[in-house]
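Note that UniProt numbering has the sequence shown beginning at 1, numbered continuously upward.
The structure under discussion appears below in the form of structure tokens.
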Amino acid sequence: MKYQEFYQKSIENPEQFWANQAEAINWFKAPETILSYDHNNYPVWYKDAELNACYLAVDKHIEDGFGEQTAIIYDSPVTQTVKKYTYNQIKSEIAKLAGGLQSLGLEKGDTVVIYMPMIPQAVFAMLACARIGVTHSVVFGGFAPHELAIRIDDCKPKAIITASSGIEIERLIAYKPLVDEAIELAEHKPQNVVILNRKLGARIPFKKYDIDYDALVYGSEEASCVPVNGQHPLYVLYTSGTTGKPKGIVRDTAGYVTALKFSMKYIYGVNEGEVFWAASDVGWVVGHSYIAYGPLLNRNTTVVFEGKPIRTPDASTFWRVISEHRVSVMFTAPTAIRAIKKEDPNGEFIKQYDLSCLRTQFLAGERCDISTLEWYRSHIPVPAIDHWWQTESGWPMICNMMGVEYLPIKPGSAGKSVSGYNIQILGENGQELGPNEEGYVVIKLPLPPGTLTGLWNDEMRFKMGYLNKFEGYYFSGDGGFKDEDGYIYITGRVDDVINVAGHRLSTAEMEEIVSSHHSVAECAVIGINDELKGQIPLALVVTKSGEDIEHFQLQHEIVQLVREQIGAVASLKDVVIVQRLPKTRSGKILRKLLRSIADGENFQIPSTIDDEAIIDEVTEVLKHDKIGCFKS
Numbered sequence: 001m002k003y004q005e006f007y008q009k010s011i012e013n014p015e016q017f018w019a020n021q022a023e024a025i026n027w028f029k030a031p032e033t034i035l036s037y038d039h040n041n042y043p044v045w046y047k048d049a050e051l052n053a054c055y056l057a058v059d060k061h062i063e064d065g066f067g068e069q070t071a072i073i074y075d076s077p078v079t080q081t082v083k084k085y086t087y088n089q090i091k092s093e094i095a096k097l098a099g100g101l102q103s104l105g106l107e108k109g110d111t112v113v114i115y116m117p118m119i120p121q122a123v124f125a126m127l128a129c130a131r132i133g134v135t136h137s138v139v140f141g142g143f144a145p146h147e148l149a150i151r152i153d154d155c156k157p158k159a160i161i162t163a164s165s166g167i168e169i170e171r172l173i174a175y176k177p178l179v180d181e182a183i184e185l186a187e188h189k190p191q192n193v194v195i196l197n198r199k200l201g202a203r204i205p206f207k208k209y210d211i212d213y214d215a216l217v218y219g220s221e222e223a224s225c226v227p228v229n230g231q232h233p234l235y236v237l238y239t240s241g242t243t244g245k246p247k248g249i250v251r252d253t254a255g256y257v258t259a260l261k262f263s264m265k266y267i268y269g270v271n272e273g274e275v276f277w278a279a280s281d282v283g284w285v286v287g288h289s290y291i292a293y294g295p296l297l298n299r300n301t302t303v304v305f306e307g308k309p310i311r312t313p314d315a316s317t318f319w320r321v322i323s324e325h326r327v328s329v330m331f332t333a334p335t336a337i338r339a340i341k342k343e344d345p346n347g348e349f350i351k352q353y354d355l356s357c358l359r360t361q362f363l364a365g366e367r368c369d370i371s372t373l374e375w376y377r378s379h380i381p382v383p384a385i386d387h388w389w390q391t392e393s394g395w396p397m398i399c400n401m402m403g404v405e406y407l408p409i410k411p412g413s414a415g416k417s418v419s420g421y422n423i424q425i426l427g428e429n430g431q432e433l434g435p436n437e438e439g440y441v442v443i444k445l446p447l448p449p450g451t452l453t454g455l456w457n458d459e460m461r462f463k464m465g466y467l468n469k470f471e472g473y474y475f476s477g478d479g480g481f482k483d484e485d486g487y488i489y490i491t492g493r494v495d496d497v498i499n500v501a502g503h504r505l506s507t508a509e510m511e512e513i514v515s516s517h518h519s520v521a522e523c524a525v526i527g528i529n530d531e532l533k534g535q536i537p538l539a540l541v542v543t544k545s546g547e548d549i550e551h552f553q554l555q556h557e558i559v560q561l562v563r564e565q566i567g568a569v570a571s572l573k574d575v576v577i578v579q580r581l582p583k584t585r586s587g588k589i590l591r592k593l594l595r596s597i598a599d600g601e602n603f604q605i606p607s608t609i610d611d612e613a614i615i616d617e618v619t620e621v622l623k624h625d626k627i628g629c630f631k632s
């Protein structure tokens, strides 16, 4: 079936479409009600189904005779470890850990916080919770105690599962003192902390509530899978909110497993038994959907990678992993490819590895600039697919659906709407805009299965943030446009659009042009306050290694590029060279923070920042160049 026909079926008759997809799931009790609505007229999928996500991800494959297939490859260049686990092996550890949690008094309806590095036990912990109907909330291991405490108070876990340490490049981070401090800060006190000792030398202060992970697992009986209702919350995952307080995205079980199974086949085009690698972290939505649940539901081998795209040990790491483990389909953030490009601009490392196994490269997490896409395609001759989705959606919303029909790629576009998502571009007054008109990216209700069912204990915030702006639509918070062929272009968060003398301009579009300069490794364009024009753009650029170009020359050339491609209306005059750009740990550039620095506003350092020292570096550069509020 061609894409357009397949997509239209999902929009014209969503109930029938998702009833068909539900047939791919082994239910304990198959759903009779496919689609219904709650009191907010918000969709509810498969509400009368009974199932268990851990059973579908593990036990089912063993029953089908695939117990000796490799389920997880753990590849850790930071500890120089490669270990493979079969489905039989992970089932034993997961079931025993689940039994151990039950022995601590955990039961269906309870919550557990998982605070772990990128190790297989993080996935085991998620699946062990799912096995007994306990809702898990994975908190990224790099979060500070204050942020962990906020999440503890919000989801009120009965237990926390953690490890002795995580590893950043050549640096051990002891997790247990962070967990203890978070518990001290939190009003809610978990009953137990289950701690895996990695025996890497990290300090593990003992507390009365501590339970040794290995002792718990090996001293427990295997727990069987507990049936849960279709609407049972599989997990709560916190994402940043505009108020500063994290939003707890709630994910159901039935809709999620159906959507993930669908996405592995029809979006990523992955066959059962193949190796799939999402180079992310279990603390983010990509890790939930495409390291843990998605690949295992589809009986793929999933790679759990503990390292970085560079400096572990160098920019060859990704290509080594793909070649060594025969990865068929890979998924990473554009920032990772840009980091590799900066270190190895001519792709010399790529030539050292046999990448013939790789069929498709997916990119997401941030907008992929054209120069990065083209660099990748020039060195690795496979489709490089940019796609767009959010923590809230749980799986892709805009993509080239590789399992349906490979459509021509338009660089700069994330592709077309994925089946189930009726994506429209609306103006300020709710009117649908025509081709190439920029507006708000919204999805007409009902959303398909697998998307958020609400916010944890915060219905009002859910309605205010997502449903109230345009009645009958989910508001994504992003701006963009569709072209005449239905390709969708995401231009960034709606607050990333700047207003220069009454003209609405996309900073993403300017970034595209700036990043096309041969000396630029990566960049950020922000709007800073200007007395005359309201806002003017400022470009911060990181130059490629080995590039010897004067600041004045680079600025002149970039200003001319932008003037040529957008026009003088863009008013870009200032280009600042920085060593690094401030980013979250998942690789997103902190543009709002940059705007605050340049405008001299008070700002709160985001909890997700990768390295706070960058703030001082950027501030000094802006002072030196007399940019923004630092103008003399």
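Every residue, glycine too, gets a C-beta built ideally from N, C-alpha and C.
Exercise for the section: Can you tell me which of Lys2, Glu15 and Leu51 puts its alpha carbon nearest to the alpha carbon of Ile25? Expected result: Distances from the CA of Ile25 to each of Lys2, Glu15 and Leu51 were compared; the closest alpha carbon is that of Leu51.
Exercise for the section: Verify whether the separation of the beta carbon atoms of Val270 and Thr301 is less than 8 Å. Expected result: Judged by their CB atoms, Val270 and Thr301 are not nearer to each other than the 8 Å cut-off.
Practice task
Determine the extent of the beta strand (DSSP E) in which Leu538 is found, giving its start and end residues.
Solution key: The continuous beta strand (DSSP E) containing Leu538 extends over residues Gly534 to Thr543.
Problem - Cβ-Cβ separation, Cys225 to Asp110 (assumed contact under 8 Å), whole Å - result: Incorrect: roughly 16 Å between the Cβ atoms, too far for contact.
Handout entry: Own chain residues within Cβ distance below 8 Å of Gln191, not counting five before or after
Key = Around Gln191, the same chain offers Leu104, Gly105, Lys158, Ala159 and Tyr209 as residues with beta carbons nearer than 8 Å, after the five sequence neighbours per side are excluded.
Practice task
With a threshold of 16 other CB atoms inside 10 Å of the CB of Ile169, please say whether the residue is buried or exposed.
Solution key: It counts as exposed.
Problem - Cβ pair Lys108, Gly142 closer than 8 Å - result: Not in contact: Lys108 and Gly142 (Cβ atoms no closer than 8 Å).
Practice task
Take the Cβ of His136 as the centre, count every other Cβ of all protein chains shown within 10 Å, and call the residue buried at 16 or more, exposed below.
Solution key: Result: buried.
Exercise for the section: Measure the CB-CB distance between Ile526 and Leu594 and report whether it falls below 8 Å. Expected result: Result yes, Cβ atoms of Ile526 and Leu594 sit closer than 8 Å.
Problem - Segment limits, beta strand (DSSP E) that includes Glu522 - result: Where Glu522 is concerned, the enclosing beta strand (DSSP E) stretches over Val520 to Asp530.
Exercise for the section: Find the nearest neighbour of Asp281 within the set Thr584, Gln604, Lys592 and Pro606, judged by alpha-carbon distance. Expected result: Looking from the CA of Asp281, the closest CA among Thr584, Gln604, Lys592 and Pro606 belongs to Thr584.
Practice task
Check whether the Cβ atoms of Asp212 and Trp456 sit closer than 8 Å, and answer yes or no.
Solution key: No. Outside cutoff.
Handout entry: Own chain partners of Asp574 with C-beta closer than 6 Å, once the 5 adjacent residues on each side are dropped
Key = So the qualifying residues of the chain are Leu538 and Ile627.
Practice task
Return yes when the C-beta of Gly439 is under 7 Å from any heavy atom of the ligand FMN, and no when it is not.
Solution key: The ligand FMN is absent from the structure shown, which contains no ligand whatsoever.
Problem - Where Lys156 falls: helix, strand or coil (DSSP) - result: DSSP, reduced to helix, strand and coil, places Lys156 outside both helices and strands of the structure shown, so it counts as coil.
Exercise for the section: Measure the C-alpha to C-alpha separation of Ile11 and Thr258 and round it to an integer number of angstroms. Expected result: Each residue's alpha carbon lies about 17 Å from the other.
Exercise for the section: Could you give the DSSP three-state label for Gly133: helix, strand or coil? Expected result: Coil at Gly133, not helix or strand.
Problem - Three-way DSSP call (helix, strand, coil) for Ala339 in this model - result: Here Ala339 sits in helix by DSSP.
Practice task
For the alpha helix (DSSP H) holding Ala98, just list the boundary residues, first then last.
Solution key: For Ala98, the uninterrupted alpha helix (DSSP H) segment begins and ends at Tyr87 to Ser103.
Exercise for the section: Could you tell me how far apart the beta carbons of Leu196 and Ser164 are, in whole angstroms, since I believe they sit closer than 8 Å? Expected result: Right, the Cβ-Cβ distance comes to about 7 Å (below 8 Å), so this counts as a contact.
Exercise for the section: Tell me whether Val559 sits in a helix, a strand or coil according to DSSP, three-state version. Expected result: Correct three-state label for Val559: helix.
Handout entry: Trp277, enclosing beta strand (DSSP E) - first and last residue
Key = Boundaries of the beta strand (DSSP E) around Trp277: Val275 to Ala278.
Handout entry: Complete runs of the alpha helix (DSSP H) confined to the segment 230–303 [at least 4 residues]
Key = List check, alpha helix (DSSP H) in window: 254–266 and 294–297.
Problem - Gly565 burial status per 10 Å Cβ neighbour count (16 or more: buried) - result: Note that residue 565 is Gln in the sequence shown here, rather than Gly. Of the other Cβ atoms in all chains shown, fewer than 16 fall within 10 Å of the Cβ of Gln565; this residue is therefore exposed.
Exercise for the section: Go to Asp616, then tell me how far its alpha helix (DSSP H) extends in each direction, as first and last residue. Expected result: Segment Ala613 to His624, the alpha helix (DSSP H) holding Asp616.
Problem - Endpoints, the beta strand (DSSP E) within which Phe481 is located - result: First-last of the beta strand (DSSP E) with Phe481: Tyr473 to Lys482.
Handout entry: alpha helix (DSSP H) runs contained entirely in the segment 556–600, provided each spans 4 or more residues
Key = Uninterrupted alpha helix (DSSP H) stretches at least 4 residues long and entirely within the segment 556–600 occur at 591–599, given in chain order.
Practice task
Report yes if the CB atom of Ile337 is closer than 8 Å to the CB atom of Tyr293, and no otherwise.
Solution key: Going by C-beta atoms, Ile337 is not nearer than 8 Å to Tyr293.
Handout entry: Per-residue DSSP class, three states only, for Gln121
Key = In the structure shown, Gln121 sits in a helix (DSSP, three-state: H, G or I).
Problem - Val404, DSSP secondary structure in three states - result: It is coil, neither helix nor strand.
Problem - Spatial distance of Lys387 from Arg367 (CA atoms) - result: Note that residue 387 is His in the sequence shown, not Lys. If I take the Cα positions, the gap works out to 8 Å.
Problem - For Lys83, the three-state DSSP class (helix, strand or coil) - result: Of the three classes helix, strand and coil, the one that applies to Lys83 here is strand, per DSSP.
Practice task
Answer yes or no: do Glu272 and Ile310 have a C-beta to C-beta separation smaller than 8 Å?
Solution key: Against a cut-off of 8 Å, the Cβ pair of Ile310 and Glu272 comes out as no contact.
Practice task
Would you grab the beta carbon distance between Gly384 and Leu234 for me? Rounded to a whole angstrom, and I think it's under 8 Å.
Solution key: Per the sequence presented here, residue 384 reads as Ala, with Gly not at that position. About 31 Å; that fails the 8 Å criterion.
Problem - Segment contact flag, the segment 173–190 with the segment 62–74, C-beta cutoff 8 Å, min 3 pairs - result: The segment 173–190 is not in contact with the segment 62–74.
Exercise for the section: Using a threshold of 8 Å, state whether the C-beta atoms of Gly283 and Ala333 are closer than that. Expected result: Not closer than 8 Å, so no.
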